[in-house]
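Undergrad:
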């Protein structure tokens, strides 16, 4: 394949792309989990949980991803060190860039998915929840059987958008030296002194991921609307 | 804590750089996005196709790649850029940062404004045509003002995103808030102190800008209120 030869660095980009997808998918799973947790807190009866969930979404959405990645990767070890030193027994830890990057991105987009799920929750007709409660279902059972399945259908377009932004945000993890697509393109660009070639090739791979995601999203939305009569 | 207080003047300078870059990119991006969105809704293939390709590329790839392509990628064409007298522009990280952010926000804003243009009620356009308006006059007086009102909440989000995305320019050595925080913390090992301080500054800027945009939104929609009293 002469196109992807790239002085023998083509495989490096492919490997990077695999890690990019790996980081992206792990972070997305975390984000969906946190989003569901966040939405449960937002509609909870406890004022404390509501306050915590609202703080989470407002604060996280107001801080750049890069700052949070740097804060978690460089800040957490020094914070733990300082706190443990106060108790007289300093602990030195260092974070794995994959864990730190994935966790931070998942945590950030968890705030965005919380908002997506909030909108979806409000879109489920109230009568259905009342009907389920009248049938004797507990709050937890109502959520699992009635609200959640329908929420997912309303949430899919929003979650698709979150994924699109998230996968592009994984490029920032290159700053903490995780050898994903961006980092590997940088390595190849320096070694060959052809930065344009490699960053352009990397951008085309990101574009392919975007196109692929679009197709999956269309398929998923169609599938989630099975049995729904459109007028 | 002392280190944060000592660094405040430099962080403040960083905030000025962040705001400069954001403001300039938003302004240039806006000026670019309006004609792009008008071209995008055109029925002429030679008009909408290039805009479609432009927005597809800039929305489908990470901003970091775009910044690197412009700043580092231009180095591959050093000789050519030098011969046409553009090298002074591309060797300067500040200019490259503004160019990348401008193109990026222009792509996103063009799609937002396209949605706005398509949301303009048909009746208003027909009424304007019946009054004899067409072409640029119709766009200038009827479609664009209405489209902007429709698109404003989404555009507000885009500006907030751009402000946060401007933190990436620190990677190509521009001394914005993030750049200053990274430099000082790398020297002093006061990582969490400085990044938390930077995060706090961004929070203030983000919610300050949100407040201003909300004011503008109320103002441009004031005519809706007037009829209801």
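Chains as they are written, first to last, in this note's numbering: chain A, 1 to 231; chain B, 232 to 460. Beta carbons: idealized from backbone N, C-alpha and C, even for Gly.
1. Report the neighbours of residue 288 of chain B on chain A: residues whose CB is nearer than 8 angstroms to its CB, in chain order.
2. Leaving aside the five residues before and after residue 20 of chain A along the sequence, list all residues of the same chain whose C-beta is less than 6 angstroms from its C-beta, in chain order.
3. When burial is assigned at 16 or more other CB atoms within 10 Å of the CB, is residue 214 of chain A buried or exposed?
4. Run through DSSP, which three-state label would residue 307 of chain B get?
5. Contact criterion: CB-CB distance below 8 angstroms. Does residue 75 of chain A meet it with respect to chain B?
6. Mind checking residue 314 of chain B: buried by the 16 CB within 10 Å criterion, or exposed?
7. Please tell me whether residue 147 of chain A has its Cβ less than 8 angstroms away from any Cβ of chain B.
8. Please name the residue in A:5, A:197, A:7, A:17 whose C-alpha comes closest to that of residue 168 of chain A.
9. Assign residue 182 of chain A to one of three DSSP states: helix, strand, or coil.
10. Taking the CB atoms as reference points, tell me whether residue 173 of chain A and residue 90 of chain A lie closer together than 8 angstroms.
11. Quick check: the Cα distance between residue 318 of chain B and residue 331 of chain B, rounded to an integer number of angstroms?
12. Assess contact between the stretch 322–340 of chain B and the stretch 258–269 of chain B, defined as three or more Cβ pairs (one per stretch) separated by less than 8 angstroms. Is contact present?
13. Measuring alpha carbon to alpha carbon, tell me which residue in A:154, A:199, A:80, A:162 is nearest residue 225 of chain A.
14. Going by C-alpha to C-alpha distance, which of A:146, A:119, A:116 sits closest to residue 130 of chain A?
15. Beta-carbon within less than 8 angstroms of residue 197 of chain A's beta-carbon, same chain only, minus the 5 sequence neighbours each way: which residues are those?
16. Give the residues of chain A in contact with residue 260 of chain B, contact being defined as C-beta atoms less than 9 angstroms apart.
17. Could you check whether residue 434 of chain B and residue 464 of chain B sit closer than 8 angstroms to each other, using their CB atoms as the reference points?
18. Return yes when the Cβ of residue 423 of chain B is within less than 8 angstroms of the Cβ of residue 78 of chain A, no when it is not.
19. Using the rule of at least 16 other Cβ atoms within 10 Å of the residue's Cβ for burial, across every protein chain shown, is residue 143 of chain A buried or exposed?
20. Grab me the residues of residue 295 of chain B's own chain with a C-beta within less than 6 angstroms of its C-beta, minus the 5 sequence neighbours each way, in chain order.
21. Note the first and the last residue of the continuous alpha helix (DSSP H) segment covering residue 15 of chain A.
22. Answer yes or no: do residue 410 of chain B and residue 416 of chain B have a C-beta to C-beta separation smaller than 8 angstroms?
23. If you run the structure through DSSP and keep just helix, strand and coil, what is residue 61 of chain A?
24. What separation, rounded to the nearest whole angstrom, lies between the Cα atoms of residue 99 of chain A and residue 376 of chain B?
25. Tell me the DSSP secondary structure of residue 189 of chain B in three-state form.
26. Less than 8 angstroms between C-beta atoms, sequence neighbours within five positions excluded: which residues of the same chain meet that for residue 406 of chain B?
27. Quick check on the burial criterion: 16 or more other C-beta atoms within 10 angstroms. Buried or exposed for residue 113 of chain A?
28. So which residues of chain A does residue 413 of chain B contact, with C-beta pairs closer than 8 angstroms?
29. Does the CB of residue 158 of chain A have a neighbour CB from chain B at under 8 angstroms?
30. Is residue 389 of chain B buried or exposed, if buried means 16 or more other CB atoms sit within 10 Å of its CB?
31. Does the beta-carbon distance from residue 95 of chain A to residue 73 of chain A come in below 8 angstroms?
TA: The structure says:
1. 203, 207
2. 170, 180, 181
3. exposed
4. helix
5. yes
6. exposed
7. no
8. A:17
9. helix
10. no
11. 16 angstroms
12. yes
13. A:154
14. A:146
15. 6, 189
16. In chain order: nothing, as chain A lies at least about 18 angstroms away.
17. Nothing about residue 464 of chain B can be reported from this structure: the residues present for chain B run from 232 to 460 only.
18. yes
19. buried
20. 399
21. 10–42
22. no
23. coil
24. 47 angstroms
25. Lying outside 232 to 460, the shown extent of chain B, residue 189 of chain B is not represented and no answer is given.
26. 244, 245, 248, 414
27. buried
28. 70
29. no
30. buried
31. yes
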